[in-house]
Amino acid sequence: GITPPPGAKWWWTGRVAFVFVRSLAARFSVDALEHSLIWEDSLESNVVSRNTGLTGQVAAGILQNLLTANFRYRRLVETFHTLSSLDGEYFFLEALKTEVEQKISEELHAAELRVEELRVEELRSTQARGRRQQEAPQNAQEARTPRPTPAADTKASWDTLVIQPSLKETLQAYCKILRNYKDYQAQGVHLPKGLLLHGPPGCGKTQIAKTLSAKAGLHFIALSTSDCKAMWLGHSADRLATVFGEARAMQPTLLFIDELDAVCPPRGAYADAISQEFTAQLLQEVDGLLSDSQAVFLVAATNRVDWVDTAILSRFAEKIEIPLPDELTRQALLKVFLGPIHFAGDREQIIRSLAQASDSQSGRDLRALVNRAVLAAVKRTSSPKDFTLIETDFALS
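As numbered in the working numbering, residues 7 to 403 make up the sequence shown, in order.
If you want it as structure tokens, here you go:
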């Protein structure tokens, strides 16, 4: 999305590339994801013919070997690719800034009212705790139990979760067990304790966890990378133990850990004492879940199973791959993302064409595609009343 320098023939928006420079001038560039030569200066070919320089094809081969052998370089490239894919969503949000600010203002007003209600509730809770302390409850641990919180994302449903039918049936079976776990326990069925979702980024792993929690009636606790890693040794383990304690206190609970490869990499791969500490504590907590009958269900997500510690992987009895959407699934996703937006032309035909042309793209990529089309239509039209999408507003990179 950045404007290239004047006369830069080696510049491509929407791609991650390594640009090789000689004598303060760009000579050739190599695609960082495909490891293929993108562009080479015509003058460079003459230099190479005299065997006095590095060719673009040779550089592409060197880069491919480097990225294959060193996972740090692979992760660097994938990180830049992910960041570049967010540009479309960023510009779309900028275009809707006024609407967002108005919505935030309304939410702040509602929050102020809610804060006042919480103050009253807290006062009542403080008074109740005082009475319980005076009555000297026999079970002190029960007195310290936090109040359960509502299940997360009540809008999540199987209808809005667009995935392959066979995968949805498997997840719905898990949901049935979790929703009626007491009845299944009475029949001798062991409550499932761990589920690992893996697959390419942007395929709906987080939304699957939220849907499982909402439809099974479980309280939802989500841990991000920043939640898992503290600055000092000992803090990460203590924080994780506290979270698992809260999950047990307000069971039934679904505890979700995103980007598992970032917080539990293979031990010994590099010197990260905090990650090793967190991995060891998580092993203890998961072993505790497996050895008791408490209704705490752990769901984790990762883009790279091979970057997760093997001991952690062995604790997940079920590992479900969330693949890139096929053509029919992409059609269904586009219908959800486009919603009631007005079209000029055959809406169904446009959706089918986009689904056919968007092979190997994730749900997040399709969302970004729709956002860019909306922004293009906003630029093209003069007012909201004239807003309508046409096929040329969509451009697949």
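Ideal Cβ positions, reconstructed from N, Cα and C, are used throughout, including at glycine. Treat the numbers as computed from the prediction; the structure is a model and nothing was measured.
Residue i vs residue j beta-carbon contact at 7 Å
i           : j           : result
residue 372 : residue 340 : yes
residue 262 : residue 305 : yes
residue 287 : residue 243 : yes
residue 296 : residue 199 : yes
residue 126 : residue 83  : no
residue 361 : residue 397 : no
residue 255 : residue 217 : no
residue 223 : residue 273 : no
residue 203 : residue 326 : yes
residue 379 : residue 400 : yes
residue 248 : residue 270 : no
residue 32  : residue 25  : yes
residue 307 : residue 264 : yes
residue 292 : residue 321 : yes
residue 80  : residue 73  : yes
residue 350 : residue 387 : no
residue 34  : residue 62  : yes
Distance, residue j Cα to residue i Cα
i           : j           : result
residue 335 : residue 309 : 20 Å
residue 406 : residue 188 : Here the chain covers residues 7 to 403 and nothing more, so residue 406 does not appear.
residue 314 : residue 86  : 21 Å
residue 42  : residue 65  : 9 Å
residue 354 : residue 364 : 15 Å
residue 357 : residue 337 : 6 Å
residue 17  : residue 208 : 26 Å
residue 282 : residue 259 : 26 Å
residue 213 : residue 47  : 46 Å
residue 201 : residue 312 : 16 Å
residue 121 : residue 110 : 16 Å
residue 153 : residue 253 : For residue 153, the predicted model reports a pLDDT of 36, less than 50, meaning its position is unreliable and no value from the coordinates is stated.
residue 268 : residue 231 : 7 Å
residue 225 : residue 180 : 16 Å
residue 117 : residue 227 : 21 Å
residue 183 : residue 176 : 11 Å
residue 12  : residue 279 : 47 Å
residue 164 : residue 75  : 41 Å
residue 105 : residue 40  : 39 Å
residue 10  : residue 78  : 28 Å
residue 196 : residue 370 : 35 Å
residue 124 : residue 215 : 29 Å
residue 342 : residue 174 : 17 Å
residue 250 : residue 266 : 16 Å
residue 115 : residue 108 : 11 Å
residue 151 : residue 119 : Reliability of the predicted coordinates at residue 151 is poor, the pLDDT of 37 falling under 50, and the value obtained from them is presented with this limitation in mind. Near 27 Å, if we compare the C-alpha coordinates of residue 119 and residue 151.
residue 347 : residue 375 : 14 Å
residue 103 : residue 112 : 14 Å
residue 149 : residue 131 : Because the pLDDT at residue 149 is just 34, under 50, the model does not fix this residue reliably, and the value given afterwards should be weighed accordingly. In a straight line, the C-alpha of residue 149 is about 12 Å away from that of residue 131.
residue 391 : residue 385 : 13 Å
residue 38  : residue 377 : 25 Å
residue 241 : residue 100 : 38 Å
residue 60  : residue 14  : 21 Å
residue 229 : residue 178 : 23 Å
residue 359 : residue 71  : 37 Å
Alpha helix (DSSP H) segment containing residue i, residue limits
i           : result
residue 383 : 369-386
residue 356 : 353-363
residue 31  : Unbroken run through residue 31 is the beta strand (DSSP E), 31-37; no alpha helix (DSSP H).
residue 169 : Residue 169 -> no alpha helix (DSSP H), and no H or E assigned at all.
residue 68  : 62-75
First and last residue of the uninterrupted beta strand (DSSP E) at residue i
i           : result
residue 342 : First-last for residue 342: 333-344, but that is the alpha helix (DSSP H), not the beta strand (DSSP E).
residue 25  : 23-28
residue 43  : 43-46
Rounded Cβ spacing between residue i and residue j (contact assumed at less than 8 Å)
i           : j           : result
residue 368 : residue 171 : The pair is not a contact, with the Cβ atoms about 18 Å apart (cut-off 8 Å).
residue 193 : residue 299 : Contact flag wrong, Cβ pair sits at about 14 Å.
residue 210 : residue 328 : 6 Å
residue 344 : residue 317 : Their Cβ separation, rounded to whole angstroms, is 44 Å, which puts residue 344 and residue 317 out of contact at 8 Å.
residue 36  : residue 69  : 5 Å
residue 389 : residue 330 : Not quite, the Cβ-Cβ distance comes to about 38 Å (not below 8 Å), so this is no contact.
Any C-beta of chain C under 7 Å from that of residue i
i           : result
residue 367 : In the structure shown, chain C cannot be found, because there is only a single protein chain.
Cβ-heavy atom distance, residue i to the ligand GTP, below 6 Å
i           : result
residue 241 : The ligand GTP is not among the ligands present in this structure, which contains no ligands whatsoever.
Residue ranges of each beta strand (DSSP E) within the segment 174-249, 3 or longer: Qualifying beta strand (DSSP E) stretches, in chain order: 200-204 and 225-229.
Entirely enclosed alpha helix (DSSP H) segments - the segment 250-328, minimum 4 residues: Within the segment 250-328, the complete alpha helix (DSSP H) runs of at least 4 residues are 266-269, 279-297 and 316-320.
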